[in-house]
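Peer 1: Dropping the structure in here first, questions after.
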Amino acid sequence: MSADSQPRIITQQPPITFLRLPDVEQRVKLKRSAIYQRMSEGRFPKSRSLGARCTVWIESEIEDWMRQHAFQ
Numbered sequence: 001m002s003a004d005s006q007p008r009i010i011t012q013q014p015p016i017t018f019l020r021l022p023d024v025e026q027r028v029k030l031k032r033s034a035i036y037q038r039m040s041e042g043r044f045p046k047s048r049s050l051g052a053r054c055t056v057w058i059e060s061e062i063e064d065w066m067r068q069h070a071f072q
């Protein structure tokens, strides 16, 4: 059997969901200034820019951060 005739395994990644700042504030119970302060200190997931006036966070990164900090 050649490499070309081998069956391919296709893995499906979960969809990426973006959150805007008001959604992040609501989920983590922090205000804008606290979120940006922690980001600058490397203690909060970094935001992504999707355009000149569109900043988002990746939902799975926020959820991971929440799990890590749930009981601190």
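1 is the number of the first residue of the sequence shown in my numbering; add one for each residue after it. The C-beta atom is built at its ideal place from N, Cα and C for all residues, glycine as well.
Within the continuous beta strand (DSSP E) that includes isoleucine 58, where are the two ends?
Peer 2: Looking up residue 58 in the sequence shown gives position 58. Note, isoleucine 58: beta strand (DSSP E), 54 to 58.
Peer 1: Helix, strand or coil: how does DSSP classify leucine 19 here?
Peer 2: Looking up residue 19 in the sequence shown gives position 19. It is a strand residue.
Peer 1: Across the segment 11 to 23 and the segment 53 to 72, are there enough close Cβ pairs to call them in contact, namely three or more that are closer than 8 Å?
Peer 2: Touching, per the Cβ criterion.
Peer 1: If we count the other Cβ atoms within 10 Å of its Cβ and call it buried at 16 or more, is phenylalanine 44 buried or exposed?
Peer 2: Taking the sequence shown and counting its residues from 1, one reaches residue 44 at position 44. Phenylalanine 44 comes out buried.
Peer 1: Straight-line CA distance for arginine 32 to arginine 8?
Peer 2: Stepping through the sequence shown from its first residue, residue 32 is reached at position 32. Stepping through the sequence shown from its first residue, residue 8 is reached at position 8. Spanning the two alpha carbons is a distance of roughly 45 Å.
Peer 1: With DSSP run on the structure shown, which of helix, strand or coil describes arginine 48?
Peer 2: By one-based count along the sequence shown, residue 48 stands at place 48. DSSP places arginine 48 in strand when its eight states are reduced to three.
Peer 1: For methionine 66 and valine 24, which I take to be in contact (beta-carbon distance under 8 Å), what is that distance rounded to the nearest angstrom?
Peer 2: By one-based count along the sequence shown, residue 66 stands at place 66. By one-based count along the sequence shown, residue 24 stands at place 24. Not a contact, Cβ separation roughly 10 Å.
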